[in-house]
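Here the sequence shown stands for residues 969 to 1197, numbered as in this note's numbering.
Here's the structure, in structure tokens; my notes come after.
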Amino acid sequence: MLTIASRCWLCQCPLHLAIQGICSLCLRHLPAAPPCCPRCGLPGTGGNLDCGRCLLKPPPWDALVFASAYEPPVSGLVLRLKFANLPELDTTLARLFLLRWLPRWRSGNLPRPDILLSVPLHQKRYFSRGYNQSELLARPLARWLHCEYRPYALSRDRRTVPQQSLSERERKWNLRKAFTCHADLRGKNVMLLDDVVTTGSTVREISKMLINQGVASVQIACICRTLQT
969 MLTIASRCWL CQCPLHLAIQ GICSLCLRHL PAAPPCCPRC GLPGTGGNLD CGRCLLKPPP
1029 WDALVFASAY EPPVSGLVLR LKFANLPELD TTLARLFLLR WLPRWRSGNL PRPDILLSVP
1089 LHQKRYFSRG YNQSELLARP LARWLHCEYR PYALSRDRRT VPQQSLSERE RKWNLRKAFT
1149 CHADLRGKNV MLLDDVVTTG STVREISKML INQGVASVQI ACICRTLQT
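Written as structure tokens, this is what we have:
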């Protein structure tokens, strides 16, 4: 008998390899994102050039790669991973990101990361959920990228109001001094992974901290990016 792990998460057709999670037909029909800036990930001219927003006020990271715009069906899978107690979706979504990351890396526009970090949850939220979805995504991804994953390098020391309920300005203030880095990452190429990037406030705060500590580069990885202008 086939189990849910051996069927496509989207169409429920049987899979030849359960680890794929999404069948080749569904993969080909996922909505294509518009041309986006390689640095901030927002709609732009595409290619290798930073958009006007980044030229005027560059974010504190070097590149942003996402698997899908925040829209169905991938956004639904992320929500199921995050809130429906389906941690088994981690490998499927991490693989989806890898398929988007590899072409940019092969083009020579991204360094292979030395260190992979995941955005941490506050301890109370971690205990209430039972897991950190970003940590689950990071573990298979680190194996595939042949880089070191440090799950305890970052901590969220202050319990903050959920970001979804705040404006962009409020999100920035909500996260001030909320994170601490416990590792010496000087000179390292770092990949910072989150499940969803909306305004970028969370990864911005962590990236600034990492840059101030002397890392060589920071690239942001996420499954979904909200494509707002």
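Beta carbons: idealized from backbone N, C-alpha and C, even for Gly.
Option nearest Arg1118 by Cα separation, candidates Tyr1094, Ala1146, Pro1081, Leu1010: Numbered from 1 along the sequence shown, position 150 holds the residue referred to as residue 1118. Answer by Cα proximity: Pro1081.
Can you tell me where the beta strand (DSSP E) holding Asn1157 begins and where it ends? Position 189 of the sequence shown holds residue 1157. Start and end: 1157-1165.
Among Cys1190, Thr1148, Pro1003, Gly1182, the one whose alpha carbon lies nearest that of Leu1109: Translated into positions along the sequence shown, residue 1109 becomes position 141. Among Cys1190, Thr1148, Pro1003, Gly1182, the Cα nearest to that of Leu1109 belongs to Cys1190.
Grab me the residues of Asp1058's own chain with a C-beta within less than 7 Å of its C-beta, minus the 5 sequence neighbours each way, in chain order. For the purposes of this step, residue 1058 is identified with residue 90 of the sequence shown, where counting begins at 1. Leu1049, Leu1104, Leu1105, Pro1108.
CB-CB under 7 Å to Thr971, same chain, minus the five flanking residues each way: which ones, in chain order? Working through the sequence shown from its first residue, we reach residue 971 at position 3. Reliability of the predicted coordinates at Thr971 is poor, the pLDDT of 48 falling under 50, and the value obtained from them is presented with this limitation in mind. Around Thr971: no qualifying Cβ.
Contact check, Cys1149 vs Ala1037, beta carbons under 8 Å: By one-based count along the sequence shown, residue 1149 stands at place 181. By one-based count along the sequence shown, residue 1037 stands at place 69. In this structure, the beta-carbon distance from Cys1149 to Ala1037 does not fall below 8 Å.
I believe Val1183 touches Val1158 by the beta-carbon criterion, under 8 Å. Please report the beta-carbon distance rounded to the nearest angstrom. Taking the first residue of the sequence shown as position 1, residue 1183 is located at position 215. Taking the first residue of the sequence shown as position 1, residue 1158 is located at position 190. About 5 Å; that satisfies the 8 Å criterion.
Can you round the beta-carbon distance between Leu1195 and Leu1010 to whole angstroms, since I take them to be within the 8 Å contact cut? Translated into positions along the sequence shown, residue 1195 becomes position 227. Translated into positions along the sequence shown, residue 1010 becomes position 42. By a beta-carbon distance limit of 8 Å, Leu1195 contacts Leu1010. Their separation comes to about 6 Å.
In whole angstroms, what separates the C-alpha of Leu1065 from that of Ile1083? Taking the sequence shown and counting its residues from 1, the one referred to as residue 1065 is at position 97. Taking the sequence shown and counting its residues from 1, the one referred to as residue 1083 is at position 115. Here residue 1065 is Phe; the residue named in the question, Leu, does not match the sequence. In a straight line, the C-alpha of Phe1065 is about 17 Å away from that of Ile1083.
Tell me where the alpha helix (DSSP H) around Arg1097 begins and ends. Position 129 of the sequence shown, counted from the first residue, corresponds to residue 1097. Segment 1091-1097, the alpha helix (DSSP H) holding Arg1097.
Three-pair Cβ contact test at 8 Å for the segment 1169-1180 versus the segment 1004-1021: no
Quick check on DSSP: helix, strand or coil for Pro1011? Here residue 1011 refers to the residue found at position 43 of the sequence shown. The answer is strand: DSSP assigns Pro1011 an E or B state.
Have a look at Pro982 and Cys976 and give me their C-alpha separation to the nearest angstrom. For the purposes of this step, residue 982 is taken as residue 14 along the sequence shown, with counting starting at 1. For the purposes of this step, residue 976 is taken as residue 8 along the sequence shown, with counting starting at 1. Rounded to whole angstroms, Pro982 to Cys976 spans 6 Å at the Cα level.
Leu1024 to Ala1001 span [Cα, whole Å]: Position 56 of the sequence shown, counted from the first residue, corresponds to residue 1024. Position 33 of the sequence shown, counted from the first residue, corresponds to residue 1001. Their Cα atoms are separated by approximately 24 Å.
In this structure, what does DSSP give as the bridge partners for Cys1192? Position 224 of the sequence shown holds residue 1192. Under DSSP, Cys1192 shares a beta bridge with Ser1036, Val1164.
Going straight from the alpha carbon of Lys1126 to that of Pro1028, what length do you get? Along the sequence shown, one-based indexing puts residue 1126 at 158. Along the sequence shown, one-based indexing puts residue 1028 at 60. It should be noted that the sequence gives Arg, not Lys, for residue 1126. So the two alpha carbons sit approximately 22 Å from each other.
Contacts around Leu1078, its chain only, beta-carbon distance under 8 Å, and the 5 residues preceding and following it disregarded: As a first step, residue 1078 is located in the sequence shown; it is residue number 110 there, counting from the start. Excluding sequence neighbours, Leu1078 sits near Ala1031, Val1033, Trp1069, Arg1072, Gln1187.
Going by CA-CA distance only, name the one from Glu1039, Leu1067, Cys1008 that's closest to Leu995. Start at 1 with the first residue of the sequence shown, and residue 995 comes out as number 27. The shortest Cα separation from Leu995 among Glu1039, Leu1067, Cys1008 belongs to Leu1067.
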